[in-house]
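What follows is a short report on a single structure.
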Amino acid sequence: MSDPARRRWEYATIPLLIHNTKAILDSWGTDGWELVTVLPGPTGPEQPVAYLKRPLA
271 MSDPARRRWE YATIPLLIHN TKAILDSWGT DGWELVTVLP GPTGPEQPVA
321 YLKRPLA
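If you number the sequence shown the way the numbering used here does, the last residue is 327 and the count never jumps.
Dropping the structure here:
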């Protein structure tokens with residue numbers, strides 16, 4: 271495995287639906303994405319945005 275300090279990442283941002291947050295994050299996690307943070311979206315806290323990352327192959 272390569273040196274962790276030299277690991278390269280890819281990133282994704284996804285809107286979260288408040289009533290379905292767990293299912294959305296579980297789906298992305300199954301594909302190898304790790305949640306970095308969740309922040310309010312451009313229209314405010316009622317439309318949060320998740321920021322995810324995963325190592326490049």
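Cβ atoms here follow ideal geometry from the backbone N, Cα and C, with glycine treated the same way.
Quantities reported herein were computed from a predicted structural model and do not represent experimental measurements.
Boundaries (first-last residue) of the alpha helix (DSSP H) holding residue i
{"i": "Leu326", "result": "Neither: Leu326 is in no alpha helix (DSSP H) and is coded neither H nor E."}
{"i": "Gly299", "result": "291-300"}
Alpha carbon of residue i to alpha carbon of residue j, nearest angstrom
{"i": "Ile284", "j": "Asn290", "result": "13 Å"}
{"i": "Leu286", "j": "Gly302", "result": "18 Å"}
{"i": "Trp279", "j": "Thr307", "result": "15 Å"}
{"i": "Gln317", "j": "Ile288", "result": "8 Å"}
{"i": "Thr300", "j": "Ile294", "result": "10 Å"}
Residue burial classification, residue i (beta-carbon count within 10 angstroms, cutoff 16)
{"i": "Leu322", "result": "buried"}
{"i": "Ala320", "result": "buried"}
Cβ separation of residue i and residue j, assumed to be a contact under 8 Å, to the nearest whole Å
{"i": "Pro325", "j": "Arg277", "result": "6 Å"}
Start-to-end residues for the beta strand (DSSP E) that takes in residue i
{"i": "Trp279", "result": "279-285"}
{"i": "Thr307", "result": "304-311"}
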